[in-house]
Amino acid sequence: MQSRKSEKGRQAAKTLCEELKTLIEDKWQKHDEGWRKVPGLNLHVITEDTIDKNCFYTLSIAIIVQGYKVIDIGSLRYSYGGDTMIVTSVEIPTSFRIEGACKEEPFISVSLKLDPQLLSELMEKMPDSLPTCDSEPNAFCVAKPSAEIVNAFERLIRLSDNPQHMQMLLPSVLREIHYYALTDGQCANLRALCIQDMPNQRIARVVQWIKEHYKEPLRIQTLAEMSFMAPSTFHAHFKAVTSQSPLQYQKRLRLHEARRLMLYQNYSATAAAFEVGYQSVQQFCREYKRLFGKSPARDIAV
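Numbering (UniProt numbering), first residue to last: 1 to 302.
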């Protein structure tokens, strides 16, 4: 009986994903960007393949309704297609590519930035019987979306069609999505982030500190003390959650910020390197090319 019920739920979710796809395509074709009024909401329609795009995934939930995507996080690779939910519990540097996208069959997804305060408020009211994870939950979770959360996303997008509806109903629909994400049996990574003094929450605090102090030299001992762990334990937990070491994480932050400064604020490679904390321009150029596939000079020229 339980198996039959689960199968029925999966079929309902797939049907709703098709409806969500139609809605997003319709807004894209009509150049309707009213959805931008919803804080943290993004609709993505990509009509051609992309190769090794580097970016940071923030605390968020996304639903892919059509297409195929490959993501590399540290040493881990995730490949997934339509009817897939992605939950990111800690901001992490990634590289990704879209495969098989074209105008006739584009890659289509919707994403929403999650509110950590709302997650914590909801988590305090959750029953202790929620599923837990035996191992260290990774910051990145790939799962099948429930019918409830797909339906909530569709209603969230449609709110932008009516300003009065959005004013009155937006908080409740956002709360609903946060609730469904937390209670989904597959999203132990999100729940672990919200439980006071759990290793994942401590690592999330350290990640936030690194983001705010990425220009400064990192001392593992200091970070370990901040997380109330022994250095070796901290290092293991950090890598389990983010799939990379603290130094690798800091390096990605520096390189992404340097690229932003060069592309959008007209910094030279030398100025950007020193601005983000590098002591050697040669080392900066080496590591930049290793990550982005081009030297800083070539990247700026493009």
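Just so it is clear, CB atoms sit at the ideal spot from N, CA and C, and this is done for glycine as well.
Computed from a predicted structure; not experimentally measured.
Original post:
Can you tell which of Ile92, Met226, Cys55 has its C-alpha closest to the C-alpha of alanine 240?
Top reply: Stepping through the sequence shown from its first residue, residue 240 is reached at position 240. Selected option, being the one with the closest Cα: Ile92.
Original post:
Going straight from the alpha carbon of isoleucine 210 to that of glutamate 104, what length do you get?
Top reply: Locating residue 210 in the sequence shown gives position 210, where the first residue counts as 1. Locating residue 104 in the sequence shown gives position 104, where the first residue counts as 1. Cα to Cα, the separation comes out at about 43 angstroms.
Original post:
Hey, how far is the Cα of lysine 294 from the Cα of methionine 166?
Top reply: One-based indexing of the sequence shown puts residue 294 at position 294. One-based indexing of the sequence shown puts residue 166 at position 166. If I take the Cα positions, the gap works out to 44 angstroms.
Original post:
According to DSSP, is methionine 166 helix, strand or coil?
Top reply: Residue 166 sits at position 166 when you count from the first residue of the sequence shown. Methionine 166 falls in the helix class under three-state DSSP.
Original post:
Using CA coordinates, which residue listed in Ile149, Tyr180, Leu118, Gly82 is at the minimum distance from proline 106?
Top reply: As a first step, residue 106 must be located in the sequence shown, where it is residue number 106. Checked all of Ile149, Tyr180, Leu118, Gly82; the closest Cα to proline 106 is Gly82.
Original post:
Exposed or buried, what is residue 365 when buried is set at 16 or more other beta-carbons lying within 10 Å of its beta-carbon?
Top reply: The requested residue 365 does not occur in the structure, where the chain is confined to residues 1 to 302.
Subject >> C-beta atoms of leucine 59 and serine 89 nearer than 9 angstroms >> reply: Indexing the sequence shown from 1 puts residue 59 at position 59. Indexing the sequence shown from 1 puts residue 89 at position 89. A contact, by the Cβ cut-off of 9 angstroms.
**OP:** Would you check if the stretch 184–204 and the stretch 150–162 touch, i.e. whether three or more CB-CB distances between them fall below 8 angstroms?
**Re:** no
Original post:
Counting along the chain, where does the beta strand (DSSP E) carrying proline 93 start and finish?
Top reply: Numbered from its first residue, the sequence shown carries residue 93 at position 93. Residues 92–99.
Subject >> Residue burial classification, isoleucine 51 (beta-carbon count within 10 angstroms, cutoff 16) >> reply: Indexing the sequence shown from 1 puts residue 51 at position 51. By the neighbour-count rule (16 or more Cβ atoms within 10 Å), isoleucine 51 is not buried but exposed.
Original post:
Start and end of the alpha helix (DSSP H) containing cysteine 285?
Top reply: Residue mapping note: residue 285 aligns to position 285 of the sequence shown, counting from 1. Cysteine 285 -> alpha helix (DSSP H) spans 281–292.
Original post:
Quick one, which of Thr47, Ile64, His31 has its alpha-carbon nearest valine 142's?
Top reply: Counting from one through the sequence shown, the residue named residue 142 turns up at place 142. Nearest C-alpha to valine 142: Ile64.
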